[in-house]
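Trainee:
4 protein chains.
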Amino acid sequence: MLFFENDYSEGAHPYILRRLLETNMEKLPGYGNDRYTEAAKEKIRCAIGNMDADVFLIAGGTQTNLIVISTMLRRYEGVVSATTGHVNGHEAGAIEYTGHKVLTIPHHDGKMDAAELDGFISGFYGDASHEHMVFPGMAYVSHPTEYGTLYTDAELSAISEVCRRWDIPLFLDGARLGYALACPESDLTLERIAELADVFYIGGTKVGALCGEAVVFPHKAPAHFLTMVKQQGALLAKGRLLGVQFDTLFTDGLYREIAANAIEKAMMLKGALISKGYRLAIDSPTNQQFIVADRETCSRLGKDVRYGFWERIDDEHTVIRLATSWATSSEDVGKLIDIL
Amino acid sequence: MLFFENDYSEGAHPYILRRLLETNMEKLPGYGNDRYTEAAKEKIRCAIGNMDADVFLIAGGTQTNLIVISTMLRRYEGVVSATTGHVNGHEAGAIEYTGHKVLTIPHHDGKMDAAELDGFISGFYGDASHEHMVFPGMAYVSHPTEYGTLYTDAELSAISEVCRRWDIPLFLDGARLGYALACPESDLTLERIAELADVFYIGGTKVGALCGEAVVFPHKAPAHFLTMVKQQGALLAKGRLLGVQFDTLFTDGLYREIAANAIEKAMMLKGALISKGYRLAIDSPTNQQFIVADRETCSRLGKDVRYGFWERIDDEHTVIRLATSWATSSEDVGKLIDIL
Amino acid sequence: MLFFENDYSEGAHPYILRRLLETNMEKLPGYGNDRYTEAAKEKIRCAIGNMDADVFLIAGGTQTNLIVISTMLRRYEGVVSATTGHVNGHEAGAIEYTGHKVLTIPHHDGKMDAAELDGFISGFYGDASHEHMVFPGMAYVSHPTEYGTLYTDAELSAISEVCRRWDIPLFLDGARLGYALACPESDLTLERIAELADVFYIGGTKVGALCGEAVVFPHKAPAHFLTMVKQQGALLAKGRLLGVQFDTLFTDGLYREIAANAIEKAMMLKGALISKGYRLAIDSPTNQQFIVADRETCSRLGKDVRYGFWERIDDEHTVIRLATSWATSSEDVGKLIDIL
Amino acid sequence: MLFFENDYSEGAHPYILRRLLETNMEKLPGYGNDRYTEAAKEKIRCAIGNMDADVFLIAGGTQTNLIVISTMLRRYEGVVSATTGHVNGHEAGAIEYTGHKVLTIPHHDGKMDAAELDGFISGFYGDASHEHMVFPGMAYVSHPTEYGTLYTDAELSAISEVCRRWDIPLFLDGARLGYALACPESDLTLERIAELADVFYIGGTKVGALCGEAVVFPHKAPAHFLTMVKQQGALLAKGRLLGVQFDTLFTDGLYREIAANAIEKAMMLKGALISKGYRLAIDSPTNQQFIVADRETCSRLGKDVRYGFWERIDDEHTVIRLATSWATSSEDVGKLIDIL
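Protein chains in written order, with numbering that gives the first Met the number 0: chain R, 0 to 339; chain A, 0 to 339; chain E, 0 to 339; chain G, 0 to 339.
What follows is the structure in structure tokens.
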């Protein structure tokens, strides 16, 4: 059985496990005060070109979303997201559980449009009864989006500009950020994201780590952020588990290198899909490829391949997802292409 | 200046103030344990034709919404509302503050459609990843809606049937319920609503009271409801304030009678609007009338009339609201018609 | 049956009802934007000697406590209270429901001690693991306390000084503030309280109003306080109900005058209790008197008097509360004394 | 430098890392649906002697506490804990952040007393105003306690009996459960705990794992527990990280075996402490030993040993903690004893 269901089906990149093993019996302080966490943070600061940034390591993506949003919003504020934003639909109401509304605007292949964001906020303040409404207090974008698409520098700059004009932070969910950075056609660098966003994270779980997301506050984290992380149950006693992983990922360009594998394999796959006449549901430049498949195709592929169901279109057609990752082998992609 | 801005611009119906005065110096138990609150509840039970119903009196509408929703939902559930539902847009995120998401489906002149509700819920359960999503745990409808429109018995029955099939409660926000009941063409009675809904409230604030909404649980209130009302700061020490008001409103048909005044005046106004060529934004049978007005009309009317801004359509046109109430006089409506 | 069970057993002072009646049919803006609310706020500013203060009117005491605390605390902070504080034991977990812990220190006849407060906070910061603990973010005192006792100027000044040194606000719960101010031996004036506290409220519900507490922020209310009041369901559409009441209470010294009645009657009662050999549980200078009663006394008094059970001491003895109010008549006190 | 500061200073037991390595490249389903998680659960069910138990794996201790408590309590309920309970003081208000109060009763060397628990609950229901208070909805005990002490079977049975009489669940925090089970004098087995508690967890983080706590519901987990875990950000995409660890810990008795090492070393240390005349602050049978040290001793030890500060007693004396773990070597204990 070939496995293209998602990008978190293996454990960690072998280098990470090796480092965990090498450092295993060192006696280290807990709660992220160890030397590996410190080294990881420093390397991330280098990678984003901002040595003053605050960096925190958190175990999972939904956890990071809910912590960032709930620590940065004021009580009367909500977060503005495209309807397709992960925080809106697939986090079991995690944001609302912290007391905040997800305010939605339309998506365009998973992306938010700067002008629509601006219109939403100006509409809010233009509404005479806005004091009875939820204030837009942050913009949330995923990059790559939930649909595998990417913001251009121009698009993200425009959103950033809107946020700064209205004085709200821009939060970029980078659960798969590595895969965006590894796209040859993408013009958004890590340094540039650190300029445009007020907070973002560099996803580890889906890019080679066992777990872990590195949250970056280019300016400054909320006061007593650590206490709030603890309050939400997200402070690991053995912070080294995250520290060693990110230290490894940000040593010798490993993060970028392994992400590039996913893109390379995805582009092989995408080429084959197109040449074999499959209909792409979205034109994705990243590691998630979406195709419209009829019932027969689903059934045929399903015999040999585990893929992800994405969305039902009608009785006959479904959008399915084929995902590559840091761990996808050329051999498996070859086999998949043969089957297609 | 004529005042047609809303339906809560006067104090209380004079009978209510008279009863407050008459009973003022009686020494009564607090927290709703007084005889007037008990009498009010009993009269409401009679009015809905269900002597087993649990009835509670709460000061305000948003307060009632957030208490009902947060006490009835399970932690992993959200409330399904039309996008135009008051809980979705105009309660400052009160529902989310209690930890729950408002799940939205389209509206049709402010109304939810039973088939769309059913589709939403079946879509949820049909989604393979629904355990990562917010469970639909209640349906919320306003009657009259925020647009002044009314559900028919057939429509509400269909929604109720969907709710029962999926085993979720149906909550009817009756902040202006009196005005619905007083519409001659409406086929939904109070008794019928008590059969179809699992919880609803009979609005006092907008129908003759200084404050107060009577929440009705036709079956049974959540256990320890009073404690949760207290926990949300909504338990008045002098519960008599609400008790005396609802006791008065439900004595000798006062509630229906004063609501009928609003409808009568609204229909006079509506007739005049139509005959004078105004464009109705919605065909409302209740006390709120919405017209599309151009800039000149807004400015002209604004000299003599306070009306409500509803929605900006384009640079030139706005939807404005003209509301009547239990207190609207024939004289004022006459003057308004002359000005139109 | 004589009624000395609590101080909220009657409706409102007759002047208040009269004003409600007089202003009843005026068409006024909603949500506290009416002229009576504005007048009430202005009179309160005069009374506290601070024309820059922000004043808000809220319906109930628990509601006010939870709103003030939850809008002023940061997410990682709790409120420090004496164990006997109303917020700690008798509000059904309202503070915790907003996400904040009530941190407790010992009480002394219901009062917090400044040195102990200081010790608690310095102990917190002295604890090496305090980042894993709840930060003390506010001090809460009741005046009069739940035991009817009063802070002296020196005591409250010391607490205020501790709060300012640690840079946390001091919140004074004045649900019965009128009764404190009316005590001849009390040296704390309203002006002085407005200097020492960072937020406090002037209770209406227990001092002559149907409902209502006037929250005062001598410096400045939290940004978008109104929206957060709405979010917690506490914004009355007919804000006039509160506005007219406080406007009346703060006209011609009514608030102080009616509070003085309660104290005068309480002192008559206290004198009689002492002279008849009753054992006072607490030496209270305010409208609540607490006596230790044996079973026989409880049973004897219970035939003619409704009193409050306070606390069981042992099988034989109970502390009971006898409360006077703005409405207590000399006649009733006389009758009670005869029975004692 | 010798390290006796805590029991989470190393990584994982080598067997665990070996298994992570061996299974690393297997393609497994996410979110705990993998075969290792299933195997771990099954082995835990065997170990507790209850094949019907629901078992979930969660990354950290505070996280587990807040999830268990917030999913099992009703909205109007709080959790009863000894004042020393971890949930009361050292979780940054995590429980309150979920909306629930921690209700405290006195501790006895860290333990709750069954009779006092019973008295607290009966006192609650005996209070005429208990509907205005937080209902006791769960009892929380730590075993070993935060002071290293252990409940006897008789003690825990009595607490369990009280809980069942009042129909509230008993929750046992087993962050260090392995160290309790490994105590020769302890008469509480895992099977017995699974009979007495309604929910408990088997700590991994402090007993050989990189992270992870295994929550056991001997009867049945709350409905949709997984969704609520997700809602609180605690559902790891790569659930295998926890699955492989617990599968390893519960294979061939590893969990008990490595816990026994900590106890053996702690008893060596305790013996030396006593024979050298140190004053034990608490008579702990587990891996945490507490001594009262004067300033000079602290300073002398501090040169060679990292220990934990526990509590300041007076200007001259401090309670310090010396902790052993699964990883403590005889050599290190020997060196420590030489220094003492």
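C-beta: ideal position from N, C-alpha, C; glycine also.
Can you find the residues in the same chain that come closer than 6 Å, C-beta to C-beta, to residue 193 (chain E), ignoring five residues on each side of it along the sequence?
Mentor: Along the third sequence, read from residue 1 onward, the residue named residue 193 (chain E) stands at position 194. Excluding residues within five positions, the ones whose Cβ falls inside 6 Å are 47, 49, 217.
Trainee: Starting from residue 135 (chain G) and walking both ways along the beta strand (DSSP E), at which residues does that stretch end?
Mentor: Start at 1 with the first residue of the fourth sequence, and residue 135 (chain G) comes out as number 136. 134-141 is the span of the beta strand (DSSP E), which, as asked, contains residue 135 (chain G).
Trainee: Step through the CB atoms of chain E and report whether any lies within less than 8 Å of the CB of residue 239 (chain A).
Mentor: For the purposes of this step, residue 239 (chain A) is taken as the residue at position 240 of the second sequence. Cβ-Cβ to chain E under 8 Å: yes for residue 239 (chain A).
Trainee: Just grab the DSSP bridge partners of residue 341 (chain R) for me.
Mentor: The question about residue 341 (chain R) has no answer here: the residues shown for chain R are numbered 0 through 339.
Trainee: Determine whether the Cβ of residue 230 (chain G) lies closer than 8 Å to any Cβ atom of chain A.
Mentor: Along the fourth sequence, read from residue 1 onward, the residue named residue 230 (chain G) stands at position 231. Yes, contact with chain A.
Trainee: Quick check: is the beta carbon of residue 308 (chain E) nearer than 8 Å to any beta carbon in chain G?
Mentor: Here residue 308 (chain E) is taken as the residue at index 309 of the third sequence, counted from 1. It does; some Cβ of chain G falls within 8 Å.
Trainee: Quick one: grab the DSSP three-state call for residue 206 (chain R).
Mentor: Residue 206 (chain R) sits at position 207 when you count from the first residue of the first sequence. Looking at residue 206 (chain R) - three-state DSSP - the assignment turns out to be coil, as it is neither helix nor strand.
Trainee: By a C-beta neighbour count over all protein chains shown, 10 Å radius and 16 as the cutoff for buried, is residue 174 (chain E) buried or exposed?
Mentor: Here residue 174 (chain E) is taken as the residue at index 175 of the third sequence, counted from 1. So residue 174 (chain E) counts as buried.
Trainee: Please list, in chain order, the chain R residues whose beta carbon lies closer than 7 Å to that of residue 26 (chain G).
Mentor: Residue 26 (chain G) sits at position 27 when you count from the first residue of the fourth sequence. By Cβ distance, chain R contributes 2, 8, 9.
Trainee: Among residues of its own chain, excluding the 5 on either side of residue 83 (chain E), which ones have a beta-carbon nearer than 6 Å to its beta-carbon?
Mentor: Numbered from its first residue, the third sequence carries residue 83 (chain E) at position 84. Excluding sequence neighbours, residue 83 (chain E) sits near 106, 109, 145.
Trainee: Where does residue 190 (chain A) land, buried or exposed, given buried means 16+ other C-beta within 10 angstroms?
Mentor: For the purposes of this step, residue 190 (chain A) is taken as the residue at position 191 of the second sequence. Exposed, since its Cβ has fewer than 16 Cβ neighbours within 10 Å.
Trainee: Below 8 Å on the Cβ atoms is my contact criterion, and I expect residue 207 (chain R) with residue 66 (chain R) to pass it. Report the Cβ-Cβ distance as a whole number of Å.
Mentor: On the first sequence, position 208 is the one that residue 207 (chain R) refers to. On the first sequence, position 67 is the one that residue 66 (chain R) refers to. So it is not a contact: roughly 22 Å between Cβ atoms.
Trainee: Considering only the beta carbon of each residue, do residue 318 (chain E) and residue 312 (chain E) sit closer than 8 Å?
Mentor: Translated into the one-based positions of the third sequence, residue 318 (chain E) becomes position 319. Translated into the one-based positions of the third sequence, residue 312 (chain E) becomes position 313. Yes; because the gap between Cβ atoms is below 8 Å, this pair is in contact.
Trainee: How long is the line joining the alpha carbons of residue 334 (chain A) and residue 0 (chain A), rounded to whole angstroms?
Mentor: Here the question's residue 334 (chain A) lines up with position 335 in the second sequence. Here the question's residue 0 (chain A) lines up with position 1 in the second sequence. In a straight line, the C-alpha of residue 334 (chain A) is about 10 Å away from that of residue 0 (chain A).
Trainee: List, in chain order, every chain A residue whose beta-carbon is nearer than 9 Å to that of residue 89 (chain R).
Mentor: For the purposes of this step, residue 89 (chain R) is taken as residue 90 along the first sequence, with counting starting at 1. Going along chain A in sequence order, the residues near residue 89 (chain R) (Cβ under 9 Å) are 128, 131, 132.
Trainee: So which of A:211, A:228, A:231 has the shortest CA-CA distance to residue 246 (chain A)?
Mentor: Indexing the second sequence from 1 puts residue 246 (chain A) at position 247. Taking only the C-alpha atoms, the option nearest residue 246 (chain A) is A:211.
Trainee: Just list the beta strand (DSSP E) runs in the stretch 65-141 of chain R, keeping only unbroken ones of 3 residues or longer that don't cross its boundaries, in chain order.
Mentor: Taking only runs of at least 3 residues, the beta strand (DSSP E) segments lying wholly in the stretch 65-141 of chain R are 76-81, 101-104, 134-141.
Trainee: List the endpoints of the continuous beta strand (DSSP E) containing residue 268 (chain R).
Mentor: Within the first sequence, the letter at position 269 stands for residue 268 (chain R). Unbroken run through residue 268 (chain R) is the alpha helix (DSSP H), 253-274; no beta strand (DSSP E).
Trainee: What does the alpha-carbon distance come out to for the pair residue 215 (chain A) and residue 52 (chain A)?
Mentor: For the purposes of this step, residue 215 (chain A) is taken as the residue at position 216 of the second sequence. For the purposes of this step, residue 52 (chain A) is taken as the residue at position 53 of the second sequence. Spanning the two alpha carbons is a distance of roughly 7 Å.
Trainee: Counting contacts by CB-CB distance shorter than 8 Å, is residue 93 (chain G) in contact with chain R?
Mentor: Reading the fourth sequence from its first residue, position 94 is the one you call residue 93 (chain G). Answer yes: the Cβ-Cβ gap between residue 93 (chain G) and chain R drops below 8 Å somewhere.
Trainee: If distances are taken between C-alpha atoms only, which option among R:314, R:277, R:268, R:274 comes closest to residue 328 (chain R)?
Mentor: Here the question's residue 328 (chain R) lines up with position 329 in the first sequence. Answer by Cα proximity: R:268.
Trainee: Which whole-angstrom value is the C-beta distance of residue 86 (chain E) and residue 213 (chain E), which I expect to be below 8 Å?
Mentor: As a working note, residue 86 (chain E) is residue 87 in the third sequence. As a working note, residue 213 (chain E) is residue 214 in the third sequence. Between residue 213 (chain E) and residue 86 (chain E) the Cβ distance is about 18 Å, and since that is not below 8 Å, they are no contact.
Trainee: From residue 102 (chain A) to residue 93 (chain G), what does the alpha carbon distance come to, in whole angstroms?
Mentor: Your numbering for residue 102 (chain A) matches position 103 in the second sequence. Your numbering for residue 93 (chain G) matches position 94 in the fourth sequence. In a straight line, the C-alpha of residue 102 (chain A) is about 27 Å away from that of residue 93 (chain G).
Trainee: Which residues, in order along the stretch 93-125 of chain A, keep a beta-carbon less than 7 Å from a beta-carbon of chain R?
Mentor: So the list reads 95, 96, 98, 99, 100, given in the order they occur along the chain.
Trainee: Over what stretch of residues does the beta strand (DSSP E) that includes residue 335 (chain A) continue unbroken?
Mentor: Residue 335 (chain A) sits at position 336 when you count from the first residue of the second sequence. Where residue 335 (chain A) is concerned, there is no enclosing beta strand (DSSP E), although the alpha helix (DSSP H) it sits in stretches over 329-338.
Trainee: Does DSSP put residue 148 (chain A) in a helix, in a strand, or in coil?
Mentor: Within the second sequence, the letter at position 149 stands for residue 148 (chain A). If DSSP states are grouped into helix, strand and coil, residue 148 (chain A) belongs with coil.
Trainee: Inspect the CB distances between the stretch 142-157 of chain G and the stretch 176-187 of chain G and report whether three or more fall short of 8 Å.
Mentor: Output reads yes: the stretch 176-187 of chain G touches the stretch 142-157 of chain G.
Trainee: Could you pull out every unbroken alpha helix (DSSP H) segment of at least 4 residues lying fully inside the stretch 14-49 of chain E, listed in chain order?
Mentor: Segments of the alpha helix (DSSP H) lying fully in the stretch 14-49 of chain E: 34-47.
Trainee: Which residues does DSSP list as the beta-bridge partners of residue 293 (chain E)?
Mentor: Here the question's residue 293 (chain E) lines up with position 294 in the third sequence. According to DSSP, which records beta bridges pairwise, residue 293 (chain E) is partnered with E:316.
Trainee: Between the C-alpha atoms of residue 165 (chain A) and residue 121 (chain A), what's the straight-line distance to the nearest angstrom?
Mentor: To locate residue 165 (chain A), count along the second sequence from 1; it is residue 166. To locate residue 121 (chain A), count along the second sequence from 1; it is residue 122. Using only the alpha carbons, I get a separation of about 9 Å.
Trainee: Which same chain residues, not among the five before or five after residue 118 (chain E), have their C-beta less than 6 Å away from its C-beta?
Mentor: Position 119 of the third sequence, counted from the start, is the residue given in the question as residue 118 (chain E). Here the set comprises nothing.
Trainee: Determine the chain E residues that contact residue 75 (chain G) at a beta-carbon separation under 8 Å, and present them in chain order.
Mentor: Numbered from 1 along the fourth sequence, position 76 holds the residue referred to as residue 75 (chain G). Ordered by position in chain E, the residues that pass the 8 Å Cβ test against residue 75 (chain G) are 91, 92.
Trainee: Which of the three DSSP states, helix, strand or coil, is assigned to residue 288 (chain G)?
Mentor: By one-based count along the fourth sequence, residue 288 (chain G) stands at place 289. Of the three classes helix, strand and coil, the one that applies to residue 288 (chain G) here is strand, per DSSP.
Trainee: In its own chain, which residues sit with a C-beta less than 6 Å from the C-beta of residue 316 (chain A), not counting the 5 before and 5 after it?
Mentor: Within the second sequence, residue 316 (chain A) is the residue found at index 317, counting from 1. Answer for residue 316 (chain A): 291, 293, listed in chain order.
Trainee: Compare the beta carbon distance of residue 169 (chain A) and residue 138 (chain A) with 8 Å and say whether it is the shorter of the two.
Mentor: Position 170 of the second sequence, counted from the first residue, corresponds to residue 169 (chain A). Position 139 of the second sequence, counted from the first residue, corresponds to residue 138 (chain A). Closer than 8 Å, so yes.
Trainee: Sorted by chain position, which residues of the same chain lie with C-beta nearer than 7 Å to residue 249 (chain G)'s C-beta, five sequence neighbours on each side aside?
Mentor: If you number the fourth sequence from 1, residue 249 (chain G) lands on position 250. Correct list, in chain order: 39, 42, 43, 46.
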